[in-house]
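**Student:** Questions regarding the structure given below will be posed in turn.
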Amino acid sequence: MLNNNNTIIFLLLLLILLHQLPLFTPTNAYIFIYAGCSQQKYQPSSSYEPNLNSLLTSLVSSSSQTLYNNFSANTPPVYALYQCRGDLTLTDCSSCIHSAVSQVGLVCPYSYGATLQLEGCYIRYEQFDFVGLPDLTVMYKRCSRSNGVDDNGSGVGGEFLSRRDEVLGALESGDGFRVSRAGSVQGFGQCMGDLSGSDCSACLSEAVKELKLLCGSAAAAHVYLAKCFAQYWADGYYDLSTGGVSDPTHEDDVSKTIAIIVGIIGGIAVLIVLLSLCRRSCGGPHGGGK
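Going by numbering that gives the first Met the number 0, 245 is the number at position 246 of the sequence shown; the sequence numbering is gapless.
So this is what it looks like as structure tokens:
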């Protein structure tokens with residue numbers, strides 16, 4: 000009986016470990032950031048659905064070859080694009096886009112338009128042509144606790160603030176994917192691949208402005224605009240889950256809902272496996288007699 004109990008505990012811990020594996024990948028590419036869904040819905044039997052599914056398949060297929068691409072279909076029109084973070088390998092990019100495409104149908108069922116941002120990649124589709132159009136809308140921000148900077152920019156975090164501004168200044172002047180470091184502060188930013196150089200610079204400048212405005216002297220911060228993002232962190236503060244403030248400006252309930260759904264499904268799965276194993280080890284016959 001002791002061996003059976005040890006087996007149950009081992010299998011349960013193994014199940015939990017396997018469930019957590021995506022969070023321990025080097026890139027953390029699969030961490031959910033935000034999603035947004037259009038209010039308009041299409042009928043499952045409409046001609047929009049096969050066009051959309053075809054484009055989503057194209058996103059996954061293309062992501063093994065390039066970090067950005069866009070596609071379109073006619074009658075009815077559907078437009079879609081994806082982008083992976085610039086430091087991802089094509090293998091990681093493909094896995095990330097596959098995960099995003101798998102999730103978007105659950106988060107935004109039968110929506111004419113949807114966006115989904117994971118830590119390492121982004122997908123969007125609409126029934127109108129949005130490709131190449133600048134958009135400075137703030138989609139999501141995430142800020143850690145303050146770094147101890149007072150109103151005069153001095154205090155224990157005064158040097159940090161100077162380094163942070165140096166990093167952000169370098170990100171503003173970048174194009175595409177840009178990485179910067181100054182002392183103990185580092186950061187990176189990236190524009191969507193459909194933006195021109197001037198539109199990219201304008202987007203990153205706006206992202207940097209929003210970082211300072213929305214997160215103040217936070218030791219680490221992310222800001223996602225519709226067509227670019229920027230983030231920075233001080234050494235030791237990259238994990239924004241501790242002391243951070245999550246404030247998506249669009250579809251905040253979506254991220255909460257998906258977290259609840261994943262938690263419930265995971266809990267039910269663990270319970271079913273545990274009960275099944277207990278039934279087999281404790282309730283089954285132990286001998287050949289009656």
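Built from N, CA and C at the ideal position, the CB exists for glycine as well.
For residue 215, count neighbouring Cβ atoms within 10 angstroms of its own Cβ and tell me buried if that reaches 16, exposed if not.
**Tutor:** Under this definition residue 215 is an exposed residue.
**Student:** Quick check on residue 95: does DSSP put it in helix, strand or coil?
**Tutor:** The answer is helix: DSSP assigns residue 95 an H, G or I state.
**Student:** Express the C-alpha separation of residue 117 and residue 31 in angstroms, rounding to a whole number.
**Tutor:** Residue 31 and residue 117: Cα-Cα distance of roughly 5 Å.
**Student:** Looking at the secondary structure, which residues open and close the alpha helix (DSSP H) in which residue 197 lies?
**Tutor:** That run of the alpha helix (DSSP H) goes 196-214.
**Student:** Leaving aside the five residues before and after residue 178 along the sequence, list all residues of the same chain whose C-beta is less than 7 Å from its C-beta, in chain order.
**Tutor:** These residues qualify, in order along the chain: 187.
**Student:** Give the C-beta separation of residue 109 and residue 43 to the nearest angstrom, bearing in mind that I take them to be a contact with Cβ-Cβ under 8 Å.
**Tutor:** That belief holds up - the Cβ atoms of residue 109 and residue 43 are roughly 6 Å apart, short of 8 Å.
**Student:** Please state whether DSSP places residue 230 in a helix, a strand or coil.
**Tutor:** Residue 230: strand per DSSP, three-state reduction.
**Student:** Which residue wins for smallest C-alpha separation from residue 163, given the options 174, 145, 83 and 176?
**Tutor:** Of the listed residues, the one whose Cα sits closest to residue 163 is 145.
**Student:** Nearest by alpha-carbon distance to residue 189: which of 67, 40, 79 and 78 is it?
**Tutor:** Looking at the Cα atoms, 67 is the closest of the given residues.
**Student:** Indicate whether residue 191 and residue 226 have their beta-carbon atoms separated by less than 7 Å.
**Tutor:** Taking 7 Å as the Cβ cut-off, residue 191 and residue 226 qualify as a contacting pair.
**Student:** Under three-state DSSP, which class holds residue 293?
**Tutor:** With the chain represented from 0 up to 289, any question about residue 293 goes unanswered, as that position is not in the structure.
**Student:** Could you give the residue range of the beta strand (DSSP E) that holds residue 56?
**Tutor:** First-last for residue 56: 47-61, but that is the alpha helix (DSSP H), not the beta strand (DSSP E).
**Student:** Going by DSSP, what residues sit across from residue 186 in a beta bridge?
**Tutor:** Bridge partners of residue 186: 179 and 231.
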